[in-house]
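K.L.:
If you want my numbering, it's the 1-based position in the sequence shown plus 1405.
Backbone N, C-alpha and C define an ideal beta-carbon position, used for all residues, glycine too.
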Amino acid sequence: MVDAADNVGGRQDVGRLTQVRSSADRPGAFPLLADDHGCGWRASGEAVPADFWKRNLRVSRNKRRSGSTLGFFRSQARSKGPRLKNTLDRLARDCRGTSILETRNERDGSLGQESTKTLFQEIHRLCHVEGLYPLGWIERTECPCCGASRFQEAFKKLGIRHSRCAECDYVCVDPYPPPQVMEVLYSGDYYTRMREFYELPRLRDQGIGSAYSAPVELLDALIAKGTGGRESGAWLDVGGGLGAFASLVSRRAPGWNVSLNEMNVKSIEIARDLLKLDVLPEDSAVLRAEGREFDVVSSIAVLEHVVDPVAFVSDYAALLKPGGLLITVVPHFTRLNVHVSKASNSNVVPPFHLSLFGADNLERLLRRTELFSGFETMQGGGASFTLIDHAEHWMYWDSLLPDADHAEIRTVRTEEYPLPLNIVLNALSLAVPVTSEYFAATDGMAHLAICATRKNVTPFGK
Ligand SMILES: [Zn+2]
C-alpha cells in the first residue's frame, strides 16, 4: 500500500507493482495519454512551437533571465501564479457553456455525422437527451461507505453533478441514473463499439493481455493472494466482460474451477466460444439459491459502475465460503484527485463511473457490511494524480469511438488551448516526470485493489 498517510490498520505495502510512466514512454513533447481502457482521457499541454520564445518578447526575457524553461516557469509561478490561476478559472467557466460535441471528420473535414462518434456525444445523448437528466434521476441520501448524509457538491463534468461525502471523501454521481437509463447506457454505442471494434479484435490478434482492466502485475498479485498456494478451488469473476481476467486466472491456477458471471449476451457468447470459459449468466440471488459457493469472488473494475455498491458487495459476499476472499479492483480516486484534480481526472466518466473510491472509504464500505474479518489493500499502475490535472483541460478533449476503420480509441482535441492555458500546461508537463513517482508513493496509484476475508460464520450466525 503506498498511500503513506493512510498506512495504518493492517494494510500492507506491497511495493510498486507497475512502473510509473516515464518520460521515455512519451515520445515527442507532451503527447496526450489515453487511459488504459480508453474509458477516459488524459491530456498534457501542447509542445511549445520552436519560434514561440522569439515571438513572445516578455517570455523571452524571462526565459533568458532564468536560464531554462523550467526556471522560467518557476519564476512565473512565484510572481504570476495567482493571475494565471484567475485566467484559467475564467477560461474554465467560459468553456463550460460551450458545445464540445461537434467533431470534424478526419478524412473530409465535414462535421460529425448523425450517429454517435465521440464519448462526449454518447454521454450527452444518453443522459441529457434520452436520459432527461436530471429528471427522474435519483438523489443519494446516504453515503454507502460511512452512512453519513452530509453531501456537498464536488464538481460537474459534462453538466453532470458529482457530490462528495463530507465525512469520508467518497465522490459519486448525484443524482444517479434510474434503471431505464442504466439499461441504455450499457447497450449504447460506446459499449457496443468498444466491444465489437476494439476489445474483440485485440483479444483475437494480441491475446487476452490486451483486454485487462488493470495492470497484469497487480492482477497476478491478486491471483496469488486468492489461490493462496492451494492446488484447487472455485473462483467466480463477476462482471468480467469478455472474460480476459477469468481466463488469466484459469491459466495461472489450472487446477481451479473458474467461472465468469456476466449478463451481456454478446459477451457471454465470446467468452464461451473464444476463451472456452464456464459462464454463469445468473444474478447472485439465483446462484445462491442453486447452492453455489466459491473460495474467491472477484470483481475487476465493476464496483464503480453499480448504483448500490453495498448491496452488490453483500450479495456476492454471500456466495463465499467461510474464510473465502472477495477481491475488488476499482479506479483509485485519491485525496489529491478529490481535492485538486476533480473533473480533470481521467477516471471521472459520468455516468459510467458512478462511484469514485479512495482506499479509506472503500474499506469503510466493506466494513459496514459486517461480513468480513480482515482486509488487505494493494495498488498498481502509475500515479493517480498528475500535476497536469491542476489545470482544467478536460473540456478541450474528447474520444472518438472505434469503428470498422479504426479499431482503437482516438483521443482528439476539439478546441485550441488559449495561450495562457497552454503555458500553464507546458509548465506542469515539465514537472510531471519528476513528480509522478512521488505522487504514486505518497498519494496513490491508479488502480486500487482490496481483498476482504469472509467471516467464519455458520448460516445461523453462530
Ligand atoms: Zn461517507
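Looking only at its own chain, which residues have a Cβ that is under 6 Å from the Cβ of K1747, when we skip the five neighbours before and after it?
P.N.:
Along the sequence shown, read from residue 1 onward, the residue named residue 1747 stands at position 342. F1560, listed in sequence order.
K.L.:
Would E1527 pass as a contact of L1806 if the rule is Cβ separation under 8 Å?
P.N.:
Locating residue 1527 in the sequence shown gives position 122, counting from the first residue. Locating residue 1806 in the sequence shown gives position 401, counting from the first residue. Contact: yes.
K.L.:
For ligand 1, which residues have a Cβ under 5 Å from at least one heavy atom, in chain order?
P.N.:
Qualifying residues come out as C1548, C1550, C1551, A1553, C1570, E1572, C1573 and Y1575.
K.L.:
So, do the region 1834–1844 and the region 1691–1707 have three or more beta carbon pairs nearer to each other than 8 Å?
P.N.:
No, because fewer than three Cβ pairs between the region 1834–1844 and the region 1691–1707 fall closer than 8 Å, the two stretches do not touch.
K.L.:
Just checking my contact of L1759 with E1709 at CB under 8 Å: how many whole Å lie between their CB atoms?
P.N.:
Along the sequence shown, read from residue 1 onward, the residue named residue 1759 stands at position 354. Along the sequence shown, read from residue 1 onward, the residue named residue 1709 stands at position 304. 7 Å between Cβ atoms; contact.
K.L.:
If you measure between the beta carbons of G1593 and L1531, is that distance less than 8 Å?
P.N.:
On the sequence shown, position 188 is the one that residue 1593 refers to. On the sequence shown, position 126 is the one that residue 1531 refers to. Yes, these two residues count as a Cβ contact at 8 Å.
K.L.:
Could you tell me the distance, in whole angstroms, from the CA atom of T1523 to the CA atom of S1719?
P.N.:
As a first step, residue 1523 must be located in the sequence shown, where it is residue number 118. As a first step, residue 1719 must be located in the sequence shown, where it is residue number 314. Roughly 36 Å between the two C-alpha positions.
K.L.:
Could you spell out the range, first to last residue, of the alpha helix (DSSP H) harbouring R1530?
P.N.:
Sequence index remark: in the sequence shown, residue 1530 carries index 125 (1-based). Where R1530 is concerned, there is no enclosing alpha helix (DSSP H), given that its DSSP letter is neither H nor E.
K.L.:
For I1675, which residues in the same chain have their Cβ closer than 7 Å to its Cβ, ignoring the five residues on either side in sequence?
P.N.:
Here residue 1675 refers to the residue found at position 270 of the sequence shown. The answer, listed in chain order, is L1605 and L1647.
K.L.:
With DSSP collapsed to three states, give me the class of R1555.
P.N.:
Here residue 1555 is taken as the residue at index 150 of the sequence shown, counted from 1. Here R1555 sits in coil by DSSP.
K.L.:
Across the region 1784–1791 and the region 1573–1583, are there enough close Cβ pairs to call them in contact, namely three or more that are closer than 8 Å?
P.N.:
Taking 8 Å as the limit for Cβ pairs, the verdict is that the region 1573–1583 does not touch the region 1784–1791.
K.L.:
Runs of 4 residues minimum, wholly inside the region 1705–1745: which ones carry the alpha helix (DSSP H) assignment?
P.N.:
The qualifying runs are 1714–1722.
K.L.:
Quick one: Cα of V1711 to Cα of V1654, how far?
P.N.:
The residue labelled residue 1711 in the question sits at position 306 within the sequence shown. The residue labelled residue 1654 in the question sits at position 249 within the sequence shown. Straight-line Cα distance between these residues: approximately 24 Å.
K.L.:
From what residue to what residue does the beta strand (DSSP E) around S1361 run?
P.N.:
Outside the modelled stretch of the chain, which goes from 1406 to 1867, sits residue 1361, for which no answer is possible.
K.L.:
Closer than 8 Å is the cut-off here; do at least three beta carbon pairs connect the region 1758–1777 with the region 1729–1741?
P.N.:
With the cut-off at 8 Å, the region 1758–1777 and the region 1729–1741 touch.
K.L.:
Give the straight-line distance between the Cα atoms of K1860 and A1639, rounded to the nearest whole angstrom.
P.N.:
As a position in the sequence shown, residue 1860 is number 455, starting the count at 1. As a position in the sequence shown, residue 1639 is number 234, starting the count at 1. Each residue's Cα considered, the two are about 18 Å apart.
K.L.:
Can you give the Cα-Cα distance for L1641 and D1574, rounded to whole angstroms?
P.N.:
Walking along the sequence shown from the start, residue 1641 turns up at place 236. Walking along the sequence shown from the start, residue 1574 turns up at place 169. For L1641 and D1574, the distance between alpha carbons rounds to 30 Å.
K.L.:
Is it right to say P1659 is buried, meaning 16 or more other beta carbons lie within 10 angstroms of its own, or is it exposed?
P.N.:
In the sequence shown, counting from the first residue as 1, residue 1659 sits at position 254. Per the 10 Å Cβ criterion, exposed.
K.L.:
Whole angstroms are fine: how far does the CA of Q1784 sit from the CA of G1849?
P.N.:
For the purposes of this step, residue 1849 is taken as residue 444 along the sequence shown, with counting starting at 1. For the purposes of this step, residue 1784 is taken as residue 379 along the sequence shown, with counting starting at 1. So the two alpha carbons sit approximately 7 Å from each other.
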